[in-house]
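First comes the structure, then the notes that go with it.
Number of protein chains: 2
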Amino acid sequence: MLDYQAPLRDMQFILEELAGLERIGELPGCEDASPDLVSAVLEEAGKFAAGVLAPLNPVGDQQGCRLEGERVVTPEGWQAAYDQFREAGWIGLALPPEHGGLGLPKQVSTPVWEMWFSANMAFAMLPQLNVGQTEALTIAASEAQKATWLDKIVSGEWAATMNLTEPQAGSDLAATRMRAEPEGDDAYRLFGQKIFISYGEHELTPNIVHLVLAQLPDAPPGVKGLSLFLVPKYLLDERGEPGQRNEIRCIAIEHKMGIHGSPTCTLSYGDDGGALGYLVGEPHQGLATMFVMMNEARFNVGIQGLALGERAYQAALAYAHERVQGRDIVSGEVGQPIIVHPDVKRMLVSMRARLMAMRGLLYSAAGWFDLARHHPEAEVADKYRRYVDLLMPVAKGWCTEVGNDLCDEAIQVFGGMGFVEETGVAQLFRDARVITIYEGTTGIQANDLLGRKILREDAATLRELIADIRETADRLESDAKLGDLAQPLHDQATLLDESADWLLAHKADTAVLYAGAVPLLHMLGIACGAWQMARLALAAEARRTTDDGDPDYLTGLSELARFYMATQAPQARAHGHTLRHAGAVLSRFSAREL
Amino acid sequence: MLDYQAPLRDMQFILEELAGLERIGELPGCEDASPDLVSAVLEEAGKFAAGVLAPLNPVGDQQGCRLEGERVVTPEGWQAAYDQFREAGWIGLALPPEHGGLGLPKQVSTPVWEMWFSANMAFAMLPQLNVGQTEALTIAASEAQKATWLDKIVSGEWAATMNLTEPQAGSDLAATRMRAEPEGDDAYRLFGQKIFISYGEHELTPNIVHLVLAQLPDAPPGVKGLSLFLVPKYLLDERGEPGQRNEIRCIAIEHKMGIHGSPTCTLSYGDDGGALGYLVGEPHQGLATMFVMMNEARFNVGIQGLALGERAYQAALAYAHERVQGRDIVSGEVGQPIIVHPDVKRMLVSMRARLMAMRGLLYSAAGWFDLARHHPEAEVADKYRRYVDLLMPVAKGWCTEVGNDLCDEAIQVFGGMGFVEETGVAQLFRDARVITIYEGTTGIQANDLLGRKILREDAATLRELIADIRETADRLESDAKLGDLAQPLHDQATLLDESADWLLAHKADTAVLYAGAVPLLHMLGIACGAWQMARLALAAEARRTTDDGDPDYLTGLSELARFYMATQAPQARAHGHTLRHAGAVLSRFSAREL
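So the sequences go chain by chain: A and B.
Per our numbering, residue 64 is the first one in the first sequence, and the count goes up by one each step.
Per our numbering, residue 64 is the first one in the second sequence, and the count goes up by one each step.
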């Protein structure tokens, strides 16, 4: 079995030095997030992740879930772990105090979610849905609905789900067929089928609150005709407690390559008269609300990329220290652990460099969320809202792609022992394969980045971001020890600028542009990673001269930034080349004739 | 279930135009390989692969193998398929006629093995071992041994295995502990344990012939003390038929992420007095002979990369034509198959481009084998022997890495349906994960490439290869339609030249050099792919002007070459940058302190 230890030192360093923990703690409403409290929270979460959730991860994989009639049975230990998790109050960590949450900033909950996903992603998908649903209901539900449902969702007494996909409506929600018929007041009868519903059915909680996209009878066609409904598994009785069973049946669960512990359900609504649901927000405005939950989920899936990568790295590192094989190519000594082999060391350092780059980006983005939400100056808040919007598809798309690569590389470090299931690293690799798919594939993220986030505003926010990157490169230039990093970072900024120019110049040529969407996403992800690694090096050097921090650790961070520049940054350039040159060739292929 | 159709047109085009089928057919001993015969062989093999082996692939995955006592039970249908396979004479296709084979050139058997691996890799691993063992025994066994064993191995009446790995001896065979004690004549008693033995035990054949590395009592330490033994599951009686059971017990089979249909066995030799075996070749010279079998296996694992990629491509292409989702971003039409989306088209064309590049390299390499073996002029034979030696680690290392990428990309085309097991593409992805590991990981291949194949001869053969690439680039330059491909190919040649210069200049700095071994392997693989794609375009244009071939097909090949240059070639440059810049940084990290 794989151990897991929360990487507290790395987490804390990045929170403090890159993500601006101090600045966040000064925002109105975020004052509780003192460094001491944050440390205590991370430490406690680390213990829970390592001690309770991580040991259950292989159990979930091996046992999986099963459907008995219409009951879904989750793996042994899931119930006890969920009860502990809920009782400890982890779900409400960054949720509204008015509904029982602790109201801490997103920046603090982000490393905590990283831990849950590292320890046991299939399990952590369950409470994560409560967080997303809370965000959605907070924005769109009526006061009466909030009073009825939100406290129980924030506490985790009841579970939550997100119902979008149907057999014919995957990436394209315009094809949604689920329908809702008015039943008086805000009540509706729902009819239809939803697929791929994570934790769509289980008995871990006494009720499950489904948020469901459906069409009203007078709905205009397409995504502008989708309304959002809250549909509980059990209708509430007069005391507000789960009473009569609603007409929602789990008719199948998927047999998947990974995340076996998380039941992926096909739910049939209203087979005999209609499932009773309640309209959330305005008619036909459901998609925007669902996107609040979806964006929350996308960010969390980005964290899953980091989290699985971290777990895979820890596993590979431990194995490389332990496994003795071969002769040290430099010293000639035999009986050495494989970590002395340059190629094994290369893989491990490369993994760690990308982990820190992702962590820098994700924790910074969490801080931007907080700034956007809490900063008193509208202009500042707006800047970070735009940064979040621009980089959300990168956080999701790039970090999940890299997370997959890291799990793949961990198997390579294990060699033959990585391909057998007993070491556990194969599970990480299989689990990870879903993260570039669910909540919008990498292609969907890339289209969002290109179309809605860059072209629609003529790359304005992207140019702001590039200016920030250049500012970091300028600081490197004048740094006594890090001057060698300046040119590589400037090169990344130039690459982004040239790419933006090219995109705007080819704005009319849709087919050519969109053929480059995924290379664009990779390029921007790598460049943002380079920016974060440069900031990491600057922070490490600054601390080294002013602080009594561990000098080896700090030097290691600067070297990690150099390694990232030598290995990842040139790949951004390759993606940029592809962006500019592949689309024209591709557009000459006829899809039909392929 | 996934269909499979052998890509006969592509195979034939590459055999004829890139791999020099005509030239091979003129070699002494290869005269049987007429174009007509080759067509007939490929067609028949295609039918067998599609009709018999492909439908069994998911059966093998779902049922797997099980150990009952010391018996290994293979999946349903395995026995019947093997009997048909053997009776059709497929095993001996390119094996010596003096032992019952057909003696066709390797170039002809290579596409045939591609088909077997595409259709059912877990199954095809079994007969592939007979081919490798035949190569080894042909070189090293005594005439008496050949007479006793080879006919049955060539026909497939008996199965074969390759026994190298032990728990403490994986990549490092110097740590082998299996021992062999003389018993009189050429007989020995073997004692020890071997792990990861593919098809180490099963009942598909009345006997199994194990080739086993072990140490004699007077063995010098390390790999120079390994001897090779032939150890049958059943000792032969006086009529040469399997008689008494030898002392070899299967004590475990691995629970693996993929290739479930192929039993991976732990074999215990000589628990009660010693397993009887026969020395093959000279004492202490076993490794060289085993490397004949190993090299054969490595080349075949390279073919597996191509083969799994091809199967994954076919699956993704079919799904992309069939799955309706979203709006055509150019025409605005709804109800279109997903192949119209630029990013889906990009993935599919990218897959096809890399398939053709790999196929060009592997089929050409097979031709080089044949030239090395059969060409009457020693100088020509020697050149191609050196090409084979240089590029064997690339054929294995690069094609398996790309094969994994293609299976990964196919899942991405399937989206959520790729992550559920029922579509079959998940199996390809899981099966593929072993190919960068077994028969030497990518890191081992890269070290071989760098150390034994490049540095040891001061890059002499690499420079010859670069000259060949430049010669192709020159031809592009003077081609009326393909001039735009010349510069990208020259760039690849220049990159290789500069990289070779850099390697030789840093010859003394082992740690720095070897940190770049894997990037070097990727770079050379991509550059060789670019060379093959350029040759493909030249051949397609030549045929278009002289022939009545399908012009759309031929134009498509030239465009495929352009797409490869736009998407893959820049990655070679990125790897080259990493090669030159990452090692120095890496060497400043202390392995112990990671």
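The beta-carbon is built from N, C-alpha and C at its ideal position, and this holds for glycine as well.
Euclidean distance between Cα positions of residue i and residue j
i      : j      : result
T504/A : R390/B : 16 Å
F259/B : G127/B : 16 Å
L165/A : L156/A : 5 Å
D73/B  : D613/B : 12 Å
D611/B : A603/B : 12 Å
R526/B : G372/A : 39 Å
L601/B : G285/A : 48 Å
S541/A : R598/A : 14 Å
E198/A : A435/A : 15 Å
M178/B : G109/B : 7 Å
A420/A : G588/B : 28 Å
Y332/B : S394/A : 35 Å
L396/A : G92/A  : Rather than Leu, the amino acid found at residue 396/A in this sequence is Glu. In a straight line, the C-alpha of E396/A is about 59 Å away from that of G92/A.
W153/A : R374/B : 45 Å
A238/B : W431/B : 34 Å
F652/B : T463/A : 27 Å
Q367/A : A530/B : 47 Å
R386/A : G114/A : 25 Å
Opening and closing residue of the alpha helix (DSSP H) in which residue i lies
i      : result
K110/B : 98-111
Q147/A : 141-150
R651/B : No alpha helix (DSSP H) holds R651/B; DSSP gives it neither H nor E.
V136/B : V136/B -> not in any alpha helix (DSSP H); beta strand (DSSP E) instead, spanning 134-136.
W268/A : It should be noted that the sequence gives Thr, not Trp, for residue 268/A. Element bounds for T268/A: n/a, residue is neither H nor E.
C591/B : 580-609
A489/B : 488-495
Y447/A : 441-477
T352/B : 349-385
Min CB distance residue i to chain B below 8 Å
i      : result
Y577/A : yes
Q377/A : no
K408/A : yes
L649/A : yes
F180/A : no
H366/A : Inspection of the sequence shows that residue 366/A is occupied by Ile rather than by His. I366/A does not count as touching chain B.
V457/A : no
D615/A : yes
Endpoints, the beta strand (DSSP E) within which residue i is located
i      : result
S331/A : 327-332
A315/A : 311-316
A338/B : 338-343
Of the listed residues the options, nearest to residue i (C-alpha basis)
i      : options                        : result
A222/A : E198/A, Y262/A, L253/A, E206/A : Y262/A
P98/A  : L84/A, G109/A, L90/A           : L84/A
N120/B : A182/B, H437/B, Y577/B         : A182/B
D494/B : D452/B, R598/B, M320/B, A654/B : M320/B
L424/A : L289/A, E80/A, Q256/A          : E80/A
Contact with chain E by residue i, beta-carbon distance below 8 Å
i      : result
V393/B : In the structure shown, chain E cannot be found, because the protein chains are A and B.
Closer than 8 Å to chain A by CB, residue i
i      : result
A315/B : no
L552/B : no
K319/B : yes
F76/B  : no
Q634/B : yes
I474/B : yes
R302/B : no
F432/B : no
E622/B : yes
H644/B : yes
Residues that DSSP places opposite residue i in a beta bridge
i      : result
K319/B : V483/A
L65/A  : None, per the DSSP bridge assignment.
Any non-hydrogen atom of the ligand SAM within 7 Å of residue i CB
i      : result
A199/B : As far as ligands go, the structure on display features none, and thus does not contain the ligand SAM.
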